[in-house]
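Colleague:
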Amino acid sequence: MAPQIPQSTRPKTKKPLIPWDRDGVNGGESSIEIVLEWLATGTNYERWRGDGERGRTKTRLCSEIVQLMNLRGITHCDTKGTSFHYYSCD
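Numbering (the numbering used here), first residue to last: 148 to 237.
In structure tokens, the structure reads:
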């Protein structure tokens, strides 16, 4: 019988990286298009740039965007990955 490898030393499998400009489902909008649409809608850009969120963080704002992505079939994004891309826009 082969020795068992402790779970903590097992290699983790990484998800394949999916480019944000080519991840649209069935010809739909890509993640970056959804982000730009969100930023251009209403006061979202000001909400993102400002501090007038009354305690709402960028993580919560990212959650809004991830929900829009999920509604369009893009399910590989989460708030952690999303916020990385948004912080680079600041």
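Cβ coordinates follow ideal geometry from the N, Cα and C atoms, glycine included.
Given the structure is predicted, the values throughout are model-derived calculations rather than measurements.
(1) Quick check: the Cα distance between S235 and K205, rounded to an integer number of angstroms?
(2) Please tell me whether E176 and R219 are closer than 8 Å, where the distance is taken between their beta carbons.
(3) Starting from the Cα of V182, find the closest Cα among P163, T222 and E211 and give me that residue.
(4) Would you report the Cα separation of H223 and Y192, rounded to the nearest angstrom?
(5) Specify the secondary structure class of C224 as computed by DSSP and reduced to three states.
(6) Taking the alpha carbon of P166 as the point to measure from, which residue in T160, I179, G174 and N173 has its own alpha carbon closest?
(7) Buried or exposed: V213, going by 16 or more other Cβ atoms within 10 Å of its Cβ?
(8) Within 10 angstroms of the Cβ of D168, are there 16 or more other Cβ atoms? Answer buried if so, exposed if not.
(9) Over what stretch of residues does the alpha helix (DSSP H) that includes S210 continue unbroken?
Modeller: To lay it out plainly:
(1) Since pLDDT at S235 reaches only 47, below the 50 mark, its modelled position is unreliable, and the value read off the structure follows with that caveat. So the two alpha carbons sit approximately 13 Å from each other.
(2) Yes, these two residues count as a Cβ contact at 8 Å.
(3) Closest by alpha carbon: E211.
(4) Straight-line spacing of the CA atoms in H223 and Y192 works out to 24 Å.
(5) Coil at C224, not helix or strand.
(6) Residue I179 is the option with its Cα nearest to P166.
(7) V213 comes out buried.
(8) Counting Cβ neighbours within 10 Å, D168 comes out exposed, since fewer than 16 surround it.
(9) Where S210 is concerned, the enclosing alpha helix (DSSP H) stretches over K205 to L218.
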